[in-house]
Each structure stands twice: as structure tokens, then as C-alpha cells.
Amino acid sequence: MFVDRNYDKPGQKSAPEYGINISKKNYSILEIFKFEDSIGDFLN
Numbered sequence: 000m001f002v003d004r005n006y007d008k009p010g011q012k013s014a015p016e017y018g019i020n021i022s023k024k025n026y027s028i029l030e031i032f033k034f035e036d037s038i039g040d041f042l043n
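To convert, note that position 29 of the sequence shown is 28 in numbering that gives the first Met the number 0; the numbers rise steadily by one, no gaps.
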């Protein structure tokens, strides 16, 4: 789910990138962070 892309091969000069891979395969894992539920928990 969490991804990192290191551009450390010869000729690659970009800085490393980090992120979250959102796909149907791992969508259920991310369901616990659903925005509406998070706001509801915060307000209650």
C-alpha cells in the first residue's frame, strides 16, 4: 500500500518519491480512514 520510488540508478537525478497506492486491491484497508467517519468521530 505504501510505496517509495528511489531514483538511484545511473542517470536518474530525481528526488525519491513516497506515497500511498490507492487501488481496488487495497481499498478495503483504507476504509478505516474514510473522511466522513473520521469527521463524525471528531465531532462526537
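Every residue, glycine too, gets a C-beta built ideally from N, C-alpha and C.
Quantities reported herein were computed from a predicted structural model and do not represent experimental measurements.
Please name the residue in the options whose C-alpha comes closest to that of residue i.
i, options, result
"PHE1", "LEU29, PRO9, LYS8", "LEU29"
"SER13", "SER27, ASN5, ASN20", "ASN5"
"ILE19", "PHE32, PHE41, LEU42", "PHE32"
Quick test of your reading: residue i and residue j, contact by CB under 8 Å. State the CB separation rounded to the nearest angstrom.
i, j, result
"GLU16", "ASP36", "Not really, about 29 Å apart at Cβ, beyond 8 Å."
In chain order, what residues of the same chain have a beta carbon less than 6 Å from the beta carbon of residue i, not counting five sequence neighbours either side?
i, result
"VAL25", "For the record, residue 25 in the displayed sequence is Asn; it is not Val. The residues are MET0."
Just to confirm my understanding: we take residue i, look at its own chain, exclude 5 residues before and 5 after, and list those with CB closer than 8 Å. What are they?
i, result
"GLY10", "none"
Note the first and the last residue of the continuous beta strand (DSSP E) segment covering residue i.
i, result
"TYR26", "Run containing TYR26: none in the beta strand (DSSP E); it sits in the alpha helix (DSSP H), 26 to 29."
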